[in-house]
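J.:
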Amino acid sequence: MARQRPSAVVRSRATPYLFILPAFLVYAAFSLYPLVRAAQFSLFEWPGFGPSTFVGLQNYIDLATDPAFRAAIGNALVLILFYAALPLVIGLVLAAIFRRGQVRGMGFFRSVIFLPQVIAVVVVAVAWRNIYAPNGPLNQALRAVGLDELARGWLGDPGAALPAVGFIGTWLEMGLVMLLLLAGMSRIPDDLFEAARLDGAGPVREFFAITLPSVRGEIVVALVLTIIAALKTFDLVYLTTSGGPGNATTVPSYEVYYRAFQLREVGSASAVAIVLTLLVFAINVVVTRIGERAS
Numbered sequence: 380m381a382r383q384r385p386s387a388v389v390r391s392r393a394t395p396y397l398f399i400l401p402a403f404l405v406y407a408a409f410s411l412y413p414l415v416r417a418a419q420f421s422l423f424e425w426p427g428f429g430p431s432t433f434v435g436l437q438n439y440i441d442l443a444t445d446p447a448f449r450a451a452i453g454n455a456l457v458l459i460l461f462y463a464a465l466p467l468v469i470g471l472v473l474a475a476i477f478r479r480g481q482v483r484g485m486g487f488f489r490s491v492i493f494l495p496q497v498i499a500v501v502v503v504a505v506a507w508r509n510i511y512a513p514n515g516p517l518n519q520a521l522r523a524v525g526l527d528e529l530a531r532g533w534l535g536d537p538g539a540a541l542p543a544v545g546f547i548g549t550w551l552e553m554g555l556v557m558l559l560l561l562a563g564m565s566r567i568p569d570d571l572f573e574a575a576r577l578d579g580a581g582p583v584r585e586f587f588a589i590t591l592p593s594v595r596g597e598i599v600v601a602l603v604l605t606i607i608a609a610l611k612t613f614d615l616v617y618l619t620t621s622g623g624p625g626n627a628t629t630v631p632s633y634e635v636y637y638r639a640f641q642l643r644e645v646g647s648a649s650a651v652a653i654v655l656t657l658l659v660f661a662i663n664v665v666v667t668r669i670g671e672r673a674s
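Here the sequence shown is numbered in my numbering, starting from 380 and rising by one per residue.
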């Protein structure tokens, strides 16, 4: 039978855009439109109801000299170490072990490590709040081994609260990073490892010469996802410390909530949200560019 020529609709350059149009409309309605409205609100002084006053960029100027906002940004940058850097190191080690080792019950261990990703953050926060309690399992374990001087109210100590929250983030993100890296390592041909062993390379040399360069793309993806998670974290902070003690654990996302719903400063809260969006975008662009150049 003669082959029919595609219709004018199929040949049209606009056809691919018609396929993505429904998804784009949903994205625009629930992401782009709220972002544009937040940018608009950030130019006004508005308590959330009633009349508003146009103040231009004054909300952004105030943020530059606001110690609470600077503390929130600093805490968010510290959380990047716990949400991104530590999970990356631990995930690399675990993925390399699972890739190389032949341990009975390997699938079970992988599932246990990934389990925090599928547990609701509310459950995670409540569980860790009980672990960190003054009479919780962590302090009881420290006292049992004679380390009474280390026992404390972890979430109520200004010096320990942020690392305590950050460690929860490490526990949450470790499984995701490990799974991404393990997927990348599974694509490495076994011939490369066999050739390296014939040349006398040990496990450490194999890791740095073969494994690590082969998973650069997965490392970039893992860093992007975990950095975004660190900068936009809200529910974990809200449920464990509510930004306290003082502003020891306040983060930009919590500042948005606090300013909008507690202080009734919707304009200032919107300005924080816009700055946070730009910060997330800038950091991830830098990470992606570095990853592309390394590749």
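Glycine is no exception: its CB is placed at the ideal position from the N, C-alpha and C atoms.
For Phe461, does the three-state DSSP call read helix, strand or coil?
T.: If DSSP states are grouped into helix, strand and coil, Phe461 belongs with the helices.
J.: Mapping DSSP to helix, strand and coil, what is Thr628?
T.: Correct three-state label for Thr628: coil.
J.: Can you tell me which of the three DSSP states Glu644 falls into?
T.: coil
J.: Please name the residue in Glu552, Ile476, Ala520 and Pro537 whose C-alpha comes closest to that of Leu494.
T.: Comparing alpha carbon positions, the residue from Glu552, Ile476, Ala520 and Pro537 closest to Leu494 is Glu552.
J.: Since Thr605 is in the alpha helix (DSSP H), which residue starts that stretch and which ends it?
T.: Arg595 to Leu610
J.: The alpha helix (DSSP H) that contains Tyr396, what's its start and end?
T.: Element bounds for Tyr396: Thr394 to Tyr406.
J.: Thinking just about the alpha-carbon of each residue, which of Pro542, Thr432 and Gly525 is nearest to the one in Leu465?
T.: Out of Pro542, Thr432 and Gly525, Pro542 has the C-alpha closest to the C-alpha of Leu465.
J.: Would you say Asn438 reaches chain B, if we count a Cβ-Cβ gap shorter than 8 Å as a contact?
T.: Absence of chain B from the displayed structure is noted, only one protein chain being present.
J.: Going by CA-CA distance only, name the one from Glu597, Ala506 and Val654 that's closest to Arg442.
T.: The amino acid at residue 442 is misidentified as Arg; the sequence shows Leu. If we check each option's Cα against that of Leu442, Val654 comes out closest.
J.: Given that a residue counts as buried once 16 or more other Cβ atoms are within 10 Å of its Cβ, and exposed if not, what is Met557?
T.: Around the Cβ of Met557, a 10 Å sphere holds 16 or more other Cβ atoms; the residue is buried.
J.: Just to confirm the assignment, what range does the alpha helix (DSSP H) spanning Ser490 have?
T.: Met485 to Phe493
J.: In this structure, how does DSSP classify Thr549 when only helix, strand and coil are distinguished?
T.: helix
J.: Taking Val635 as the reference, which of Thr394, Thr628 and Ala650 has the closest Cα?
T.: Ala650
J.: Report yes or no: do the stretch 583 to 597 and the stretch 501 to 512 share at least 3 C-beta pairs separated by less than 8 Å?
T.: These segments do not touch.
J.: Quick one: give me the first and last residue of the alpha helix (DSSP H) that Ile510 is part of.
T.: Val500 to Ile510
J.: Please look up how many angstroms separate the CB atoms of Ile547 and Leu615, rounded, as I've assumed it's under 8 Å.
T.: 6 Å
J.: Buried or exposed for Thr628, going by 16 or more other Cβ atoms inside 10 Å?
T.: buried
J.: Beta carbon of Phe373, beta carbon of Ile589: below 8 Å?
T.: A query on residue 373 cannot be resolved here, the shown segment of the chain reaching from 380 to 674 and no further.
J.: Alpha carbon to alpha carbon, what distance is there between Pro426 and Gly486?
T.: Note on geometry: alpha-carbon atoms of Gly486 and Pro426 lie some 53 Å from one another.
J.: Nearest-angstrom Cα distance between Gly623 and Thr394?
T.: If you draw a straight line from the Cα of Gly623 to the Cα of Thr394, it is about 53 Å long.
J.: If I follow the unbroken alpha helix (DSSP H) through Gln437, where does it start and stop?
T.: It spans Gln437 to Ala443 - the alpha helix (DSSP H) in which Gln437 sits, taken as one unbroken run.
J.: Can you check which of these residues, Ala639, Thr444, Ser621 and Tyr439, is closest to Pro537 by C-alpha distance?
T.: Ser621
J.: Does the separation of the CB atoms of Ala418 and Val630 fall below 8 Å?
T.: no
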